[in-house]
DNA sequence: GCTCGATGTGTACACTTGTTCACTAATGTG
DNA sequence: CACATTAGTGAACAAGTGTACACATCGAGC
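Chains as they are written, first to last, in the numbering used here: chain A, 174 to 366; chain B, 174 to 366.
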């Protein structure tokens, strides 16, 4: 799994990886692959599981550091950007998988995103922010937020990892996106008028 | 190019296609490939160009049918969904390319999206909607709108083409996303307070 | 009518690929 | 200690891959 991630990190697309290629990168003979996975899709699914752990770690850190609700959005985006850089390959895999070849991987990533959105909704409820929104509308908002952040991933991962200026730009832009969404949510009336 | 699109439409990922595979689908001998393209990346770039045409056609239709600004958002989303279904393979290719293997294709698609966003900004300016926004903030809004729609593509393309119920759900949800964004834009003050 | 450029064909070569099978080295439990 | 399980090995095979080269076909313009 580490070898596959490494290849993805080097710019390859997961869908184009082969068993031999992965085992070569892992410094292991091709047949060893079958000791751990039935095929590449299987490997992908297990990577999705690990991706879940990464996302949960990120959430935990966000919750710990964003208690003072002053610059809530800005801080959260900062943490996201930091994790995206620290786990570049994982997030590359995630961005690729959303439109990937394996339906199962696709569904897995989508499901991680749904989970993330629902946790965000819980947090907002607990903090008594957005109290005027119905449950459905809060879900809508959080879904939109998660999508927006996920799309920023694409920007983030397309600039070279060391380009701090561009990364800063993306962070600022993403922050403004979220601010605009929350302004919209703040003035939202459920009938949609 | 048609053959490559056909394979993408059948669920394959563009990054995993090979020259022989494409020519086989095209009913042509492998060496013929080189009469038209230098390699697969080249093919991808030419597909991006054609994708540009598809998007422009969509824009033209949207402009023609959405003059009465009553249900502007709803109608636009409807047209988008219709085109996404009519040109399924093209949009699949677009969704894949955003996190694809070829940096050039990636940049090409991103550039098409920027163009789309700037055209949208022009239209909104011309219709005198969002008149209180600065140029930069209008660009921000349109960028967010285009991203949101592009992400919906992923949802749209992951359900089977005939599943009208789910497609309707996605259309409604996307519409609400855009409405929320525009509510946010309507109450936006450029200092970001 | 002839030539030329564009398109397609057939053959060939050197690799790479997925998967199989029988075998070996290490590991931790009784 | 012996034993079973787990992870890794090496050789082998049929099939697929990218690319090169010389040759065939065909339609447009002089």
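Note that beta-carbon positions come from the ideal geometry of N, C-alpha and C, so glycine has one too.
| Item | Value |
| --- | --- |
| Rounded Cβ spacing between residue 211 (chain A) and residue 203 (chain A) (contact assumed at less than 8 Å) | In fact, because the Cβ distance is near 14 Å, the residues do not count as touching under 8 Å. |
| Where residue 203 (chain A) falls: helix, strand or coil (DSSP) | helix |
| Three-state secondary structure assigned by DSSP to residue 214 (chain B) | helix |
| Same chain, Cβ closer than 7 Å to residue 254 (chain B), five either side skipped, listed in chain order | 329, 340 and 344 |
| Residue 191 (chain A), buried or exposed, once every other Cβ within 10 Å from all chains shown has been counted against 16 | exposed |
| Extent of the continuous alpha helix (DSSP H) to which residue 187 (chain A) belongs | Note, residue 187 (chain A): premise wrong, no alpha helix (DSSP H); not H, not E. |
| Burial state of residue 308 (chain A), where buried means 16 or more other Cβ atoms lie within 10 Å | exposed |
| Any chain A beta carbon closer than 8 Å to residue 360 (chain B) | yes |
| Cutoff 8 Å: residue 162 (chain B) Cβ touching any chain A Cβ | Nothing about residue 162 (chain B) can be read from this structure; chain B reaches only from 174 to 366. |
| Span of the alpha helix (DSSP H), counted from its first residue to its last, around residue 260 (chain A) | Segment: none, residue 260 (chain A) is in no alpha helix (DSSP H) and carries neither H nor E. |
| Whole-angstrom distance between residue 283 (chain B) and residue 189 (chain B), CA atom to CA atom | 21 Å |
| Neighbour-count burial assignment, residue 275 (chain A), 16 or more Cβ in a 10 Å radius | buried |
| Three-state class that DSSP yields for residue 277 (chain A) in the structure shown | helix |
| For residue 303 (chain A), the three-state DSSP class (helix, strand or coil) | coil |
| Residue range of the alpha helix (DSSP H) that includes residue 362 (chain A) | Element bounds for residue 362 (chain A): n/a, residue is neither H nor E. |
| Cβ-based burial, residue 260 (chain A) [other Cβ within 10 Å; buried from 16] | buried |
| Amino acids of chain A, ordered along the chain, whose beta-carbon sits closer than 7 Å to that of residue 264 (chain B) | Ordered by position in chain A, no residue passes the 7 Å Cβ test against residue 264 (chain B), which lies about 10 Å from the chain. |
| Candidates B:326, B:262 and B:289, of which the one nearest residue 178 (chain B) by Cα | B:262 |
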